Amino acid sequence: MDLPIIYHPDYVAPLPEGHRFPMSKFRQLYELLLADGVANQEQFHTPERPQPELIELVHTPNYVQAYCEGTLDAKAQRRIGLPWSPALANRTCVAVGGTILTAKLALNQGLACNTAGGTHHAFPNYGSGFCIFNDLAIACRVLQKFGLVQKILIVDLDVHQGDGTAFIFQDDDSVFTFSMHCEVNFPGTKQNSDLDVPLPVGMEDDAYLQTLANYLADLLSKVKPDLVFYDAGVDPHIGDRLGKLALTDAGIFRREMQVLSTCMSSGYPVACVIGGGYADDMKSLVWRHSLLHRAASEVYQHYKL
1 MDLPIIYHPD
11 YVAPLPEGHR
21 FPMSKFRQLY
31 ELLLADGVAN
41 QEQFHTPERP
51 QPELIELVHT
61 PNYVQAYCEG
71 TLDAKAQRRI
81 GLPWSPALAN
91 RTCVAVGGTI
101 LTAKLALNQG
111 LACNTAGGTH
121 HAFPNYGSGF
131 CIFNDLAIAC
141 RVLQKFGLVQ
151 KILIVDLDVH
161 QGDGTAFIFQ
171 DDDSVFTFSM
181 HCEVNFPGTK
191 QNSDLDVPLP
201 VGMEDDAYLQ
211 TLANYLADLL
221 SKVKPDLVFY
231 DAGVDPHIGD
241 RLGKLALTDA
251 GIFRREMQVL
261 STCMSSGYPV
271 ACVIGGGYAD
281 DMKSLVWRHS
291 LLHRAASEVY
301 QHYKL
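Here the sequence shown stands for residues 1 to 305, where the numbers follow full-length UniProt numbering.
Rendered as structure tokens:
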């Protein structure tokens with residue numbers, strides 16, 4: 001069995017010329033994984049668009065309907081930062097389906113990676129920061145609804161705090177939220193995760209990885225989750241436009257190996273999403289995102305899952 005990787009052609013939706021969200025990275029990531037032999041075609045699984053009632057396990061029906069039908073008001077659209085289109089609404093829902101499928105495959109096979117996901121700034125009744133529906137939160141609720149898991153740990157290493165996720169699960173002991181992020185960065189108003197680790201601007205590889213090591217193994221033994229969701233944002237990279245931290249490519253790869261090995265060696269299944277990453281050089285950005293899948297392939301083979 002090879003590492004399950006999740007992709008859908010609809011992960012890419014048209015945006016206006018010059019828009020700063022790097023939409024094409026999702027297709028380019030898929031193409032790079034194939035071109036470099038990291039994955040073969042048979043490893044890719046295609047998600048389905050989930051029913052609205054599954055999205056409504058987290059988001060208010062009014063918000064889900066307004067977004068999907070394109071009737072959200074202009075102010076709410078601006079807060080999201082992505083101009084509405086039927087294709088983008090479909091893409092949003094399909095990507096949620098991708099994270100749900102990633103989680104199910106991780107439970108079955110020990111490890112699985114989406115090629116999208118990590119929309120952790122979405123709140124129950126509004127979107128924010130390029131995030132429309134919170135795929136991590138929805139996948140948690142879907143798994144719980146169908147009795148597949150009870151306890152979940154979310155490890156969010158995107159450079160921005162997972163504020164939407166923290167808010168959604170703030171009074172819920174069944175989902176533990178851990179966010180390690182740059183302290184002086186979006187969002188301006190932070191929420192309370194179960195564990196927040198704010199990092200100083202400019203932190204480099206070794207200090208970052210040591211900080212992570214100080215928390216992760218202890219968290220696993222404390223929470224004892226049935227599943228770990230890993231948001232592997234690459235925006236802590238020194239070349240990221242929105243990041244403010246200073247990790248290198250090698251540091252990102254070491255981080256992925258560290259997270260996945262720590263979880264897998266203790267027997268905890270991991271569902272991975274790619275999170276944020278913003279750069280003018282698309283080729284470099286896609287390479288950074290691919291480090292997750294390269295590390296996951298190594299770890300998957302090592303543990304002979």
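Glycine included, every Cβ here is placed at the ideal spot set by N, Cα and C.
These numbers come from a predicted model, not from an experiment.
**Study point:** Contact check, A139 vs F229, beta carbons under 9 Å
**Key:** On the sequence shown, position 139 is the one that residue 139 refers to. On the sequence shown, position 229 is the one that residue 229 refers to. Going by C-beta atoms, A139 is nearer than 9 Å to F229.
Check your understanding: Fully enclosed by the segment 118-201, which alpha helix (DSSP H) runs are 4 residues long or longer?
Key -> For the segment 118-201, whole alpha helix (DSSP H) runs of length 4 or above, ordered along the chain, are 135-145 and 163-168.
Review point. My guess is that A95 and D135 are in contact by the Cβ rule of under 8 Å, so how many angstroms apart are they, rounded?
Key: If you number the sequence shown from 1, residue 95 lands on position 95. If you number the sequence shown from 1, residue 135 lands on position 135. Correct: roughly 6 Å between the Cβ atoms.
Check your understanding: Out of L242, T71, K244 and G251, which has the shortest C-alpha to C-alpha gap to residue 306?
Key -> Coverage of the chain is limited to positions 1 through 305, which leaves residue 306 absent and any answer about it impossible.
Practice item. Can you have a look at T119 and say buried or exposed, based on whether 16 or more other CB atoms are within 10 angstroms of its CB? Key: Along the sequence shown, one-based indexing puts residue 119 at 119. T119 counts as buried, since no fewer than 16 other beta carbons sit within 10 angstroms of its beta carbon.
Point to revise | Identified DSSP bridge partners for N40 | key: If you number the sequence shown from 1, residue 40 lands on position 40. Partner(s): none; N40 has no beta bridge.
Point to revise | Three CB pairs or more closer than 8 Å across the segment 94-112 and the segment 44-59 | key: Result yes; three or more Cβ-Cβ pairs closer than 8 Å.
Practice item. Return the CA-CA distance between D158 and A66, expressed in angstroms with no decimal places. Key: Taking the sequence shown and counting its residues from 1, the one referred to as residue 158 is at position 158. Taking the sequence shown and counting its residues from 1, the one referred to as residue 66 is at position 66. Distance between the alpha carbons of D158 and A66 is about 28 Å.
Check your understanding: Relative to the alpha-carbon of R141, which residue among Q210, P50 and Y11 has its alpha-carbon at the smallest distance?
Key -> Position 141 of the sequence shown, counted from the start, is the residue given in the question as residue 141. For R141, the closest of Q210, P50 and Y11 by C-alpha to C-alpha distance is P50.
**Study point:** Same chain only: Cβ atoms within 8 Å of F253, ignoring 5 sequence neighbours per side
**Key:** Indexing the sequence shown from 1 puts residue 253 at position 253. Within the same chain, F253 has close Cβ partners L291, R294 and A295.
Review point. How about the segment 83-90 and the segment 5-19: do they share at least three Cβ pairs that are nearer than 8 Å?
Key: For the pair of segments examined, the segment 83-90 was found to touch the segment 5-19: the number of CB pairs separated by less than 8 Å reaches three.
**Study point:** Where V12 sits in the DSSP three-state scheme
**Key:** The residue you call residue 12 lines up with position 12 of the sequence shown. Coil at V12, not helix or strand.
Practice item. Could you pull out every residue in the same chain whose Cβ sits closer than 7 Å to the Cβ of H8, ignoring the five residues on either side in sequence? Key: Taking the first residue of the sequence shown as 1, we reach residue 8 at position 8. Cβ within range, chain order: T46, P47, V94 and G98.
Practice item. Report yes if the CB atom of H19 is closer than 9 Å to the CB atom of L82, and no otherwise. Key: Taking the sequence shown and counting its residues from 1, the one referred to as residue 19 is at position 19. Taking the sequence shown and counting its residues from 1, the one referred to as residue 82 is at position 82. Yes, the Cβ-Cβ distance between H19 and L82 is below 9 Å.
Point to revise | Check whether V64 and F133 have beta carbons under 9 Å apart | key: On the sequence shown, position 64 is the one that residue 64 refers to. On the sequence shown, position 133 is the one that residue 133 refers to. Result yes, Cβ atoms of V64 and F133 sit closer than 9 Å.
**Study point:** Start-to-end residues for the beta strand (DSSP E) that takes in D231
**Key:** Here the question's residue 231 lines up with position 231 in the sequence shown. It spans L227 to D231 - the beta strand (DSSP E) in which D231 sits, taken as one unbroken run.
Review point. If we count Cβ pairs, one from each stretch, closer than 8 Å, do we get three or more for the segment 276-290 versus the segment 233-244?
Key: Judged by Cβ distances under 8 Å, the segment 276-290 makes contact with the segment 233-244, as three or more pairs qualify.
Point to revise | Distance between K224 and D173 (C-alpha atoms, nearest Å) | key: Here the question's residue 173 lines up with position 173 in the sequence shown. Here the question's residue 224 lines up with position 224 in the sequence shown. Spanning the two alpha carbons is a distance of roughly 12 Å.
Check your understanding: What is the rounded straight-line gap between the Cα of H59 and the Cα of N125?
Key -> For the purposes of this step, residue 59 is taken as residue 59 along the sequence shown, with counting starting at 1. For the purposes of this step, residue 125 is taken as residue 125 along the sequence shown, with counting starting at 1. If I take the Cα positions, the gap works out to 6 Å.
Practice item. Can you tell me which of the three DSSP states I100 falls into? Key: Stepping through the sequence shown from its first residue, residue 100 is reached at position 100. Under the three-state reduction of DSSP, I100 is assigned to helix.
Practice item. Find the nearest neighbour of E256 within the set G276, D231 and S266, judged by alpha-carbon distance. Key: As a working note, residue 256 is residue 256 in the sequence shown. E256 has its Cα closest to that of D231, out of G276, D231 and S266.
**Study point:** From S128, L209, Q210 and V175, residue whose alpha carbon lies closest to that of K190
**Key:** Position 190 of the sequence shown, counted from the start, is the residue given in the question as residue 190. The candidate whose alpha carbon is nearest that of K190 is S128.
Exercise for review: Ignore the nearest five residues each way along the sequence and tell me which others in M180's own chain have a CB closer than 6 Å to its CB.
Suggested key: Numbered from its first residue, the sequence shown carries residue 180 at position 180. Closer than 6 Å at the Cβ level, and outside the excluded window around M180, lie L157 and V197.
**Study point:** Spatial distance of W266 from L3 (CA atoms)
**Key:** On the sequence shown, residue 266 is found 266 positions in, with the first residue counted as 1. On the sequence shown, residue 3 is found 3 positions in, with the first residue counted as 1. Reading off the sequence, residue 266 comes out as Ser, not Trp. Roughly 18 Å separates the two Cα atoms.
Point to revise | With 16 other Cβ atoms within 10 Å as the buried cut-off, status of N108 | key: Taking the first residue of the sequence shown as position 1, residue 108 is located at position 108. N108 comes out exposed.
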